[in-house]
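Peer 1:
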Amino acid sequence: MNVTKKEFTISVFSENHVGVLHRITTIFTRRGINIESITVSESEIHGVHRFNIVVTETEDHIKKVVKQIEKQIEVLRSFYYPLSKIIYQEIALYKLPIKAVQNGAGIEQIIRDNHARILTVEKDFLVIEKTGHKGETQALFEQLEPFGLLEFVRSGRVALAKSAKSFKDYLKVPELGKRITEQEVREMAEKID
Amino acid sequence: MESAIEPAKAKIEKKLKISGSEALVRSLLAEGVDLMFGYPGGAIMPVYDAMYDFQDQLHHVLTRHEQGAIHAAQGFARATGKVGVVLATSGPGATNLITGIADAMIDSTPLVCITGQVFSTLLGTDAFQETDVVGISIPVTKWNHQVTRAEEIPEAIAKAFYIAKSGRPGPVLIDITKDAQVQEFDFSYKKCEEIRSYHPIPALDKSMVEKAAKLINEAKKPYLLFGQGVILSHAEAELKAFIEKTGIPAAWTILGLSALESNHPLNVGMLGMHGNYGPNLLTNDCDVLIAVGMRFDDRVTGKVSDYATQAKIIHLEVDPSEIDKIIKADVPLLGDAKIGLKALLEKVKPNEHKEWLQRFRDCDKKEYEKVIKDELYPSKPELTMGEVIRMIAEKTAGDAIIVTDVGQHQMVTCRYSKFIKSKSNITSGGLGTMGFCLPAAIGAKMGAPDRQVIGVIGDGGFQMTIQELGTIFQTEIDVKILILNNQFLGMVRQWQQMFFDKRYSATEMVNPDFQKISAGYGIESRKIDSRDVLEDAIDTFLNHKGSYLLEVIVGKENNVFPMVPAGCAVSEIILE
Ligand SMILES: Cc1ncc(C[n+]2csc(CCOP(=O)(O)OP(=O)(O)O)c2C)c(N)n1
Chain A
0 MNVTKKEFTI SVFSENHVGV LHRITTIFTR RGINIESITV SESEIHGVHR FNIVVTETED
60 HIKKVVKQIE KQIEVLRSFY YPLSKIIYQE IALYKLPIKA VQNGAGIEQI IRDNHARILT
120 VEKDFLVIEK TGHKGETQAL FEQLEPFGLL EFVRSGRVAL AKSAKSFKDY LKVPELGKRI
180 TEQEVREMAE KID
Chain B
0 MESAIEPAKA KIEKKLKISG SEALVRSLLA EGVDLMFGYP GGAIMPVYDA MYDFQDQLHH
60 VLTRHEQGAI HAAQGFARAT GKVGVVLATS GPGATNLITG IADAMIDSTP LVCITGQVFS
120 TLLGTDAFQE TDVVGISIPV TKWNHQVTRA EEIPEAIAKA FYIAKSGRPG PVLIDITKDA
180 QVQEFDFSYK KCEEIRSYHP IPALDKSMVE KAAKLINEAK KPYLLFGQGV ILSHAEAELK
240 AFIEKTGIPA AWTILGLSAL ESNHPLNVGM LGMHGNYGPN LLTNDCDVLI AVGMRFDDRV
300 TGKVSDYATQ AKIIHLEVDP SEIDKIIKAD VPLLGDAKIG LKALLEKVKP NEHKEWLQRF
360 RDCDKKEYEK VIKDELYPSK PELTMGEVIR MIAEKTAGDA IIVTDVGQHQ MVTCRYSKFI
420 KSKSNITSGG LGTMGFCLPA AIGAKMGAPD RQVIGVIGDG GFQMTIQELG TIFQTEIDVK
480 ILILNNQFLG MVRQWQQMFF DKRYSATEMV NPDFQKISAG YGIESRKIDS RDVLEDAIDT
540 FLNHKGSYLL EVIVGKENNV FPMVPAGCAV SEIILE
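Residue numbers (numbering that gives the first Met the number 0), protein chains in the order written: chain A, 0 to 192; chain B, 0 to 575.
Structure follows, in structure tokens:
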């Protein structure tokens, strides 16, 4: 059994009903697992919502948590992935006072180097946007901080599996929402290092 | 479309607008409900009003506390296999249900709880008697849902019943705002047969069945453990056929108790902390362990890292999240216990394991000498719990429904009761809820009126839901109440004696006169403290027409043995 904690992304596909988020989060709360980030949006299937939840935990616990999530009546499927198995992205917004760009202090170079872009320039402030992994948005944060950063926000992770399968493949009628089998859990686990 | 309402009536109802409350009543009738337990209050009054016109079809039992109502519904469900239905008002009515809901959740008991809620316009405003019962009950319900419009009621109820009883059963809560109870709409009812995100019974994996059968056929010391899954999936006959064909000894969890008759030669006894010696000890000696419809509770496994590490584990279980949760399965058999056992039965070869079975018998002998003899046939003057239970088992010939509370008496009753019928042992296993017994016994009797129902309670637990004597009084049902009075919170005291240096902190009970209390409720009673009158007292108790309370004063500081001390391996079970 692997007892080292690693970062995992859990994807949950569920019906869009009141209370599903609460049901899912209590499963983490019960085990004292801290959710590092969470995003929710409608998936490629109308009416099916996708949660992406990032946690750092042992794989053993994650496996059990995923099964307990799947057990919720409104959950269609749930999967978990290590970093190596997903394509993911986050977005960060940085608000700076307008004077930060006025005194020729090299903001332009920073934006270029980081492949960031300016979203808006207002009378008193401007907003810079950067998409990237946390390390990248954090690096830009550190570079902009000396300029008197007014506000900063980073989104939760959006992630897709590195596989040509669509979630629809798992949901094809009449198998719509077929529960994950023990065999699949084991196969999934074997694929993960 | 399936409906219990006769077609003629249904046609009229299609045209007639009815209130949400009446729709709820008609929905319950359509689900075949004829009995429910509850307690009224402001936010559920329209429903109670609608029930007034249906009293002949839908009987309501007024308990004395909502906790009593829900435990009664649990007792009903466990005795009948049907869904228990509970009604309560908002706020305190709803929160009083929580203990029972949690109990039903952990013990997989099908319940539909209906709570009234404040007007939908007042939700979230801290209105009078508003609690977020949907939020509170999320962690302890299989599913819950709030209804704010009358026309949602039939579908919500249909889903509630389907979810509560299918797959691994559990409690469901439907919270209905008061405005939804009074609004009118065109009623029609359709039973729920499918929910796209919910697959209650996973299909059995044939390759796993092959693997399991191979392990079983090659095993020298196979051993089967069964839990309530056998009862819930009606797999009693399949279990028996399976062990008889293979000659495999079988032991039970206290939730599985009564699924296999007590005197079956392959029934080797009770698992767990106060279970039998052989079943615990030999768990760590078998070569193949077949777990059927049980979930490896820590009271059963003891120290998990030392649990059956030598054995190949086959786990037949309907709930995927139970597989590998505690004990890793070498062969996971995901599926219904009945279907799984049937499939296995075809693949296993007839066998006998005489020497292996003899090992259990040898352990029994040792346990009898060291523990059982003195418990059942004591030489000391003070009465033991065991001798009382033994006598009841003899006199009822194992035919009664035995309901227990939580504590020493529960362990003793499970150990020494005898059963010949399934669904006859009703106890709070997973949650260990004191106060469960009295209301659960009431519910069991109402579900199985033709059977003798005996509640066995400690002096502590009796006082947790003692008010339900009022329910007995009002309904005039026949429940036999046996108080095994040791004047202590016995089980806690035993731990204090063994692990806390006999420092009896807050466990001594100064008890009231239970006979006077019982007299106040019109229930005949007797109190005894000597062996000479035990048999006579039990005869009176069992043969009395109507409810009866028998209080037996037992040894104050008697302990339950054997015991797997907390944190120890099952093989470290101690006999004294
Ligand atoms: C509601 C609740 N509170 C506390 C406990 C902890 N507890 C477990 S057994 C026990 C003692 C029970 O005493 P009694 O009812 O007299 O039964 P005995 O053990 O003496 O047979 C207690 C306090 C519990 N199980 N349930």
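Glycine is no exception: its CB is placed at the ideal position from the N, C-alpha and C atoms. A quick note: this is a predicted structure, and the numbers were derived from the prediction, not measured.
Counting along the chain, where does the alpha helix (DSSP H) carrying B/F461 start and finish?
Peer 2: Per DSSP, B/F461 belongs to the alpha helix (DSSP H) from 458 to 461.
Peer 1: So is A/V17 in contact with chain B if we call contact Cβ pairs under 9 Å?
Peer 2: Yes, A/V17 counts as interfacial toward chain B.
Peer 1: Once DSSP output is grouped into helix, strand and coil, what is the label at B/C436?
Peer 2: Correct three-state label for B/C436: helix.
Peer 1: Helix, strand or coil for A/T10 per DSSP?
Peer 2: Thr is not the amino acid found at residue 10 of chain A; the sequence shown has Ser there. Reduced to three states, the DSSP call for A/S10 is strand.
Peer 1: Buried or exposed: where does B/L549 fall if 16 or more other Cβ atoms within 10 Å of its Cβ makes it buried?
Peer 2: Buried, by the Cβ-count rule.
Peer 1: When DSSP labels each residue in this structure, what does A/R116 get in the three-state scheme?
Peer 2: Strand, per DSSP.
Peer 1: What's the C-alpha gap between B/E351 and B/A443?
Peer 2: Computed Cα separation, rounded: 38 Å.
Peer 1: Which stretch, first to last residue, makes up the beta strand (DSSP E) that contains A/Y87?
Peer 2: Run containing A/Y87: 85 to 96, per the beta strand (DSSP E) assignment.
Peer 1: Do the CB positions of B/I453 and B/I391 come within less than 9 Å of each other?
Peer 2: In this structure, B/I391 lies closer than 9 Å to B/I453 by Cβ.
Peer 1: So does the segment 507 to 523 of chain B actually touch the segment 430 to 445 of chain B, counting three or more Cβ pairs closer than 8 Å?
Peer 2: No, they do not touch.
Peer 1: What would DSSP say about B/P6, mapped onto helix, strand or coil?
Peer 2: Its pLDDT being 47, under 50, B/P6 is placed unreliably by the model, and nothing is read from it.
Peer 1: How about B/Q227: is its Cβ closer than 8 Å to a heavy atom in ligand 1?
Peer 2: Every heavy atom of ligand 1 is 8 Å or more from the Cβ of B/Q227, so no.
Peer 1: Taking buried to mean at least 16 other C-beta atoms within 10 Å of its own C-beta, is B/L333 buried or exposed?
Peer 2: Looking at its Cβ environment, which holds 16 or more other Cβ atoms inside 10 Å, B/L333 is buried.
Peer 1: In the DSSP assignment, the beta strand (DSSP E) including B/D512 goes from what residue to what residue?
Peer 2: Here B/D512 belongs to no beta strand (DSSP E), and DSSP marks it neither H nor E.
Peer 1: How would you write the range of the beta strand (DSSP E) that B/T403 sits in, first residue to last?
Peer 2: Its beta strand (DSSP E) spans residues 400 to 403.
Peer 1: Shorter than 8 Å, the distance from the beta carbon of B/D404 to the closest heavy atom of ligand 1, or not?
Peer 2: The answer is yes for B/D404.
Peer 1: Does any C-beta atom of chain A lie closer than 9 Å to the C-beta of B/Y306?
Peer 2: Answer no: the Cβ-Cβ gap between B/Y306 and chain A never drops below 9 Å.
Peer 1: Verify whether the separation of the beta carbon atoms of A/T130 and A/I90 is less than 9 Å.
Peer 2: Yes, the Cβ-Cβ distance between A/T130 and A/I90 is below 9 Å.
Peer 1: Check whether the segment 72 to 80 of chain A and the segment 120 to 140 of chain A touch, using three or more Cβ-Cβ pairs below 8 Å as the test.
Peer 2: The segment 72 to 80 of chain A, when compared against the segment 120 to 140 of chain A, does not touch it at the 8 Å Cβ threshold.
Peer 1: According to DSSP, what are the bridge partners of B/P319?
Peer 2: DSSP lists no partner for B/P319.
Peer 1: Give me the subset of the segment 51 to 63 of chain A whose CB atoms are less than 8 Å from a CB atom of chain B, sorted by chain position.
Peer 2: So the close ones are K62, K63.
Peer 1: Kindly indicate if chain B contains any beta-carbon less than 9 Å away from that of A/R30.
Peer 2: No, A/R30 lies away from the interface with chain B (no Cβ there is under 9 Å from its Cβ).
Peer 1: Could you tell me which residues DSSP pairs with A/Y79 in its beta bridges?
Peer 2: DSSP output for A/Y79 lists A/I9 as bridge partner(s).
Peer 1: Taking the continuous alpha helix (DSSP H) assigned at A/Q137, which residues delimit it?
Peer 2: Per DSSP, A/Q137 belongs to the alpha helix (DSSP H) from 133 to 143.
Peer 1: Would you mind telling me which residues of chain B sit closer than 7 Å to A/R49, beta carbon to beta carbon, in chain order?
Peer 2: Simply none; closest approach about 14 Å.
Peer 1: Determine the closest residue to A/K161 out of A/K4, A/T25, A/T8, A/T3, with distance taken between C-alpha atoms.
Peer 2: Among A/K4, A/T25, A/T8, A/T3, the Cα nearest to that of A/K161 belongs to A/T8.
Peer 1: Consider the Cβ of A/L149: report whether some Cβ of chain B lies at a distance smaller than 9 Å.
Peer 2: Taking Cβ atoms only, chain B never reaches closer than 9 Å to A/L149, which makes this a no.
Peer 1: Who are the Cβ neighbours of A/E43 in its own chain at under 7 Å, not counting the five residues just before and after it?
Peer 2: S165, F166, K167.
Peer 1: Please indicate yes or no: does the CB of B/V32 lie closer than 8 Å to some heavy atom of ligand 3?
Peer 2: Here the bound small molecules are ligand 1; ligand 3 is not part of this structure.
Peer 1: Please confirm if the segment 205 to 225 of chain B is in contact with the segment 169 to 184 of chain B, defined as three or more CB-CB distances below 8 Å between the two stretches.
Peer 2: Not touching, per the Cβ criterion.
Peer 1: Please name the residue or residues paired with B/Q464 in a DSSP beta bridge.
Peer 2: It should be pointed out that residue 464 of chain B corresponds to Thr in this sequence rather than to Gln. Note: B/T464 sits in no beta bridge, so no partner.
Peer 1: Using 10 angstroms around the beta-carbon of B/P380, count the other beta-carbons present and answer buried if the total reaches 16, otherwise exposed.
Peer 2: It is exposed - the Cβ of B/P380 has fewer than 16 other Cβ atoms within 10 Å.
Peer 1: For the 8 Å Cβ check, are there 3 or more pairs between the segment 221 to 240 of chain B and the segment 368 to 385 of chain B?
Peer 2: In short, these stretches do not touch, since the Cβ pair count stays below three.
Peer 1: Distance check for B/Y161 and B/L437, CA to CA, integer angstroms please.
Peer 2: Looking at the two C-alpha atoms, the distance is approximately 28 Å.
Peer 1: At a Cβ threshold of 9 Å, is A/V2 touching chain B?
Peer 2: Not closer than 9 Å to any Cβ of chain B, the Cβ of A/V2 fails to qualify, so no.
Peer 1: Hey, would you say the C-beta of B/I456 is under 8 Å away from at least one heavy atom of ligand 1?
Peer 2: Yes - ligand 1 has a heavy atom lying nearer than 8 Å to the Cβ of B/I456.
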